[in-house]
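Trainee: Below is the structure I would like to discuss, written out as structure tokens.
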Amino acid sequence: MGFLKGRIEDYSSPLAGLPARLYAGYFFFRYGLGKITRGFGGAELHETLTKWAAGPAYDFYAPFLQKVAIPHAGLFVHLVAYGEMAVGALLLVGCASRLAALGGIFLCLNFLFASGAPILSVETPTVFLLALLTVYATAAGRAVGLDALLKHRLPHWVA
Numbered sequence: 001m002g003f004l005k006g007r008i009e010d011y012s013s014p015l016a017g018l019p020a021r022l023y024a025g026y027f028f029f030r031y032g033l034g035k036i037t038r039g040f041g042g043a044e045l046h047e048t049l050t051k052w053a054a055g056p057a058y059d060f061y062a063p064f065l066q067k068v069a070i071p072h073a074g075l076f077v078h079l080v081a082y083g084e085m086a087v088g089a090l091l092l093v094g095c096a097s098r099l100a101a102l103g104g105i106f107l108c109l110n111f112l113f114a115s116g117a118p119i120l121s122v123e124t125p126t127v128f129l130l131a132l133l134t135v136y137a138t139a140a141g142r143a144v145g146l147d148a149l150l151k152h153r154l155p156h157w158v159a
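First residue of the sequence shown? That's 1 in my numbering, and the numbers climb one at a time after it.
The following block contains the structure:
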């Protein structure tokens with residue numbers, strides 16, 4: 001049997017994940033807001049995804065880019081920008097931080113698979129993945145965040 005019994009947050013403090021939560025929240029919000037305010041559009045995303053699908057994208061992910069993301073780049077540009085901004089805002093205020101961390105992990109993995117970046121590297125997406133895993137594991141929204149107030153009202157995996 002394992003030596004750890006119970007949940008991981010029984011062995012850690014939400015304060016341990018606070019720096020990771022604020023770091024990831026700030027950059028996700030900034031990246032999403034930047035895409036929205038500078039007019040990052042479907043044509044720009046279409047061009048980027050087309051380049052990635054032809055070259056560095058992971059082999060299993062290229063068909064998704066070619067058949068789903070590229071033809072619907074106008075939709076995906078909004079999903080990415082507003083998704084990044086929502087993840088960032090939720091992390092910054094510590095509201096539904098575990099759910100926000102899962103959303104951020106989803107965005108990071110999609111970026112990694114599409115861009116062909118190595119998963120085990122010191123590049124930014126990997127750093128964000130590690131930060132978001134820390135946020136999820138430590139329930140970091142319960143430290144100086146709204147999750148501390150909502151933890152009895154929201155499901156365990158959300159707050």
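Think of the CB as a built atom: it goes at the ideal place given N, C-alpha and C, for glycine as much as any other residue. Predicted, not measured: the structure shown is a model, and the values here were computed from it.
1) So which of Ala-148, Ala-143 and Ala-117 has the shortest CA-CA distance to Trp-52?
2) Is it buried or exposed for Glu-84, if we count other Cβ within 10 angstroms and need 16 for buried?
3) What residue range does the alpha helix (DSSP H) around Val-77 cover?
4) Report the three-state DSSP secondary structure of Ser-13 (helix, strand or coil).
5) Take Pro-14 and list the residues in its own chain whose beta-carbon comes closer than 6 Å to its own, dropping the five residues that flank it on each side.
6) Skipping 5 residues on each side, what residues in its chain have a beta carbon closer than 7 Å to that of Ile-160?
7) For the region 53-69 against the region 27-35, are there 3 or more C-beta pairs whose distance is under 8 Å?
8) Could you check the C-alpha separation between Asp-59 and Ala-114 for me, to the nearest Å?
9) What are the start and end residues of each continuous alpha helix (DSSP H) run of 4 or more residues lying completely inside the region 37-77, in chain order?
10) Are the CB atoms of Ala-24 and Phe-128 nearer to each other than 7 Å?
11) Counting C-beta neighbours from all protein chains within 10 Å, is the total for Arg-30 16 or more, i.e. buried, or is it exposed?
12) Which word fits Gly-55, buried or exposed, when buried means at least 16 other C-beta atoms lie within 10 angstroms of its C-beta?
13) Have a look at Arg-98, Val-77, Thr-126 and Pro-125 and flag the residue whose alpha-carbon is nearest the alpha-carbon of Leu-146.
Mentor: In brief:
1) Ala-117
2) buried
3) 73-93
4) coil
5) Thr-138, Ala-139, Ala-140, Arg-142 and Ala-143
6) It is not possible to answer for residue 160, since the shown part of the chain is limited to 1 through 159.
7) no
8) 9 Å
9) 42-54
10) yes
11) exposed
12) exposed
13) Arg-98
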